[in-house]
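There are 2 protein chains.
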Amino acid sequence: MESAIRVLRDHGLRKTSIRIKVIDLLSSANHAVSQPDLEQQLESEADRVTIYRTLKSLEEKGVVHKILDMAGLSKYALCKDECTDHQHKDEHLHFHCQVCGNIFCLNIPGLPDYNLPAGYSIKQMHLSAEGVCVSCSKG
Amino acid sequence: MESAIRVLRDHGLRKTSIRIKVIDLLSSANHAVSQPDLEQQLESEADRVTIYRTLKSLEEKGVVHKILDMAGLSKYALCKDECTDHQHKDEHLHFHCQVCGNIFCLNIPGLPDYNLPAGYSIKQMHLSAEGVCVSCSKG
DNA sequence: ATTACAAATGCAACTCAGTTGCAGGTGCAA
DNA sequence: TTGCACCTGCAACTGAGTTGCATTTGTAAT
Ligand SMILES: [Zn+2]
Ligand SMILES: [Zn+2]
Ligand SMILES: [Zn+2]
Ligand SMILES: [Zn+2]
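Sequences listed follow chains A and B, in order.
The first sequence begins at -14 in my numbering and counts up by one.
The second sequence begins at -14 in my numbering and counts up by one.
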């Protein structure tokens, strides 16, 4: 994939073979992916610590965003909108499948405003859902 | 607090000194509490493993509900509505303070319906928010 | 092409939340 | 009071994520 190289250049990241492999794996998955997932798929092509640091760099530069699954495990998905350095603008819903455990990024119309008790100031809202995904419904 | 004993009886849990202490600590906090928090507050009054198992029992019987903080750490808060065995019905917003790190359970009017891509069936929705809490706004 | 430096990688060792197995202790109902 | 299921404490373990340091590699300037 040429696009991985373009993504790295556009976000001011050096082009390394591991970063390209990670971005390719993330873009070929239709769901969020964890470090252990990547470590297994990359077998002996990359050190486990390097994968952690790669994901951190990609997140900081706005290439991927982190989602916690129901067990607290960090999973990562490519940002669709053009996010930049520490300015993630991914306003979408994260769907957690109770069967396969996968997390899917789904588009939503837009979040409603909520009136909170005085004194609480909201910087960001997060909407998520639990249920059964398309693949698991068919099975 | 007598209420802790009543809570245990009402949810079919045996009355033990550690469970009473944990429930009292949770009810005196105005935010969600983690196992490490409890372990520190209980000092040498309870083994760390017992605290984990206590929280698990309380969650299973609908006394408390678990919330993950932004780092993936499990925190627990008392259920306000009357939840029962494995039937949590806490529909409220979890507010994560970016300053103190505390999580607050806040009431909300009710979640809107969302139209998702065909095939995804929703069992439960979760709404959360990040921002600055009351105490941290004043400071 | 060569050089030079910052940034990326690999390895080892570590931290810390959460789990499991088992022996001994406790709540509770009969 | 007795019995048994359930709870507790201890020890050992798992697995995600981090840190420090020496080595390698990407890139921009010469
Ligand atoms: Zn699924
Ligand atoms: Zn997403
Ligand atoms: Zn705060
Ligand atoms: Zn809550």
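Yeah, the Cβ is synthetic: ideal placement off N, Cα and C, and Gly gets one too.
Inclusion of A:M110 and B:A114 in the CB contact set at 8 Å is warranted, their separation being smaller than that value.
Among the residues facing chain B, A:K108 is included, as its CB has a counterpart in that chain under 8 Å away. Taking 8 Å as the upper bound on Cβ-Cβ separation, chain B lies near no residue of the region 24 to 40 of chain A. Counting along the chain, A:A(-11) sits inside no beta strand (DSSP E); it lies in the alpha helix (DSSP H) bounded by residues S(-12) to D(-5).
Counting only residues whose CB is nearer than 5 Å to a non-hydrogen atom of ligand 4, the list in chain order is B:A62 and B:C90. A:L53 sits close to B:L53, with the two beta carbons spaced by under 8 Å. The way I'd put it, the region -9 to 5 of chain B doesn't touch the region 93 to 111 of chain A; fewer than three beta-carbon pairs between them come closer than 8 Å.
When B:A62, B:D22 and B:F89 are compared, the shortest CA-CA separation from A:G104 is found for B:F89. Ranked by Cα distance from B:I107, the options A:K0, A:C118, A:K108 and A:I107 are led by A:C118. Using a cutoff of 7 Å, the CB of B:N87 counts as near ligand 3, since one of the ligand's heavy atoms is closer than that. The C-alpha of A:R4 lies about 9 Å from the C-alpha of A:L40. In this structure, DSSP gives B:Y61 an extended state, which the three-state scheme calls strand. A residue is called buried once 16 or more other Cβ atoms fall within 10 Å of its Cβ, and B:C64 is buried on that count. A:P102 reaches chain B at L91, counting residues in chain order whose Cβ is nearer than 7 Å. For A:V117, the shortest C-beta to heavy atom distance toward ligand 1 is below 7 Å. In this structure, the straight-line span from the alpha carbon of A:K0 to that of B:K51 is close to 41 Å. Not a single heavy atom of ligand 1 lies less than 7 Å from the C-beta of A:V18.
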